[in-house]
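Asks:
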Amino acid sequence: QVRLVESGGGLVQPGESLRLSCVASGLVFSQCTLFWYRQNPGTLRDLVAVITSSGNTRYSDSAKGRFTISRDDAKNTVRLQMTSLQPEDTATYYCSAEYNWDASRRFWGQGTQVTVSS
Numbered sequence: 260q261v262r263l264v265e266s267g268g269g270l271v272q273p274g275e276s277l278r279l280s281c282v283a284s285g286l287v288f289s290q291c292t293l294f295w296y297r298q299n300p301g302t303l304r305d306l307v308a309v310i311t312s313s314g315n316t317r318y319s320d321s322a323k324g325r326f327t328i329s330r331d332d333a334k335n336t337v338r339l340q341m342t343s344l345q346p347e348d349t350a351t352y353y354c355s356a357e358y359n360w361d362a363s364r365r366f367w368g369q370g371t372q373v374t375v376s377s
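For the sequence shown, the working numbering begins at 260 and goes up steadily by one.
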């Protein structure tokens, strides 16, 4: 059974940083492309960052320069380092994984809440 468990969310003030982590089990982590998404109630889930199994990364325009996605295959962990957080970054953040050869099947975590407020 595949499980993705996010952690690290919380309440921070504008300008502060947070690091989200997502630990996976039940899949061959090193052969997966990994994603971070975010979503607010009533809105679509937006892609924040992607990291391939070879370490290539891609970011949304809002995340570029402020967020960094990384992976530790030895620990089955993907992280999202977020800096200079702003109120518009408030959302539930989800990690996701898919095998490199099967983009039709996506695995999701349960999400972790990030709230940026003064």
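All C-beta atoms in this analysis are idealised placements derived from N, C-alpha and C, irrespective of residue type, glycine included.
In this text, all values refer to a predicted model and were calculated from it rather than measured experimentally.
1) Going by other Cβ atoms of all chains shown within 10 Å of its Cβ, with 16 needed for buried, is W295 buried or exposed?
2) Can you pull the DSSP bridge partners for G268?
3) Can you tell me whether Q298 is helix, strand or coil according to DSSP?
4) Are the beta-carbon atoms belonging to A350 and Q298 less than 8 Å from one another?
5) Quick check: what's the CA-CA separation for T302 versus T371?
6) Mapping DSSP to helix, strand and coil, what is D305?
7) Going by C-alpha distance, which of Y353, M341, E357 is nearest V271?
8) Reducing DSSP to helix, strand and coil, say where S313 ends up.
Replies: Reading it off the structure:
1) buried
2) Answer by DSSP bridge pairing: none, since G268 is not bridged.
3) Strand, per DSSP.
4) In contact: A350 and Q298 (Cβ atoms closer than 8 Å).
5) Taking the straight line from one Cα to the other gives about 16 Å.
6) strand
7) Taking only the C-alpha atoms, the option nearest V271 is M341.
8) coil
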